[in-house]
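**Student:** Quick one: the structure is below, questions incoming.
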Amino acid sequence: MKRSEEITQQYFTFLEDHIRQVIKGDVSEFMEVNEIAGRLAVSHKHLTDTIKKETGQHPCYFYDGEIIRQAKQMLADSDHSVAEIARIFTYDPSNFSKFFKKMTGETPGEFRKSLKNEL
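Converting from the sequence shown to this note's numbering requires adding 60 to each position, the first position being numbered 1.
Have a look at this one:
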């Protein structure tokens, strides 16, 4: 495996674990990409360049995508209100709704309602 592939794989593994830790409350807030780079023992620029080279996307694209993926899972599988889910993800509820809509095209409430309509 090339070093760039190894760094990319480490980033994705770290990202998934880190977001889970935030959700569980083991970590109080999301790390910045430069902090993640430090944990992976590479510079911020090297991490960003490597992820872009390997995937064609900036590391933040995957960071945001993983947050949305796990938020959708929680919206689908829990009875937590949207505000509670926002707080679990360390967001102010209105900012979470704006972020969710920007990423998915619908609000968290609309997403949850569309799931219920499918059943």
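All C-beta atoms, glycine included, are put in the ideal place defined by N, C-alpha and C.
(1) For Glu-92, which of helix, strand or coil comes out of DSSP?
(2) Of the residues Ile-111, Lys-162, Asp-77, Val-142, which one's Cα is nearest the Cα of Lys-173?
(3) Please report the straight-line C-alpha distance between Lys-132 and Ser-103, rounded to a whole angstrom.
(4) The alpha helix (DSSP H) spanning Lys-105 covers which residue range?
(5) Give every residue of the same chain whose Cβ lies closer than 6 Å to the Cβ of Glu-181, excluding the five residues on either side of it in the sequence, and list them in chain order.
(6) With a floor of 4 residues, list each alpha helix (DSSP H) that falls wholly inside the stretch 145 to 176, ordered by position along the chain.
**Tutor:** Taking the geometry as given:
(1) coil
(2) Per the Cα distances, Val-142.
(3) 31 Å
(4) 104 to 115
(5) Residue 181 lies beyond the residue range present for the chain, which begins at 61 and ends at 179; the question has no answer from this structure.
(6) 153 to 164
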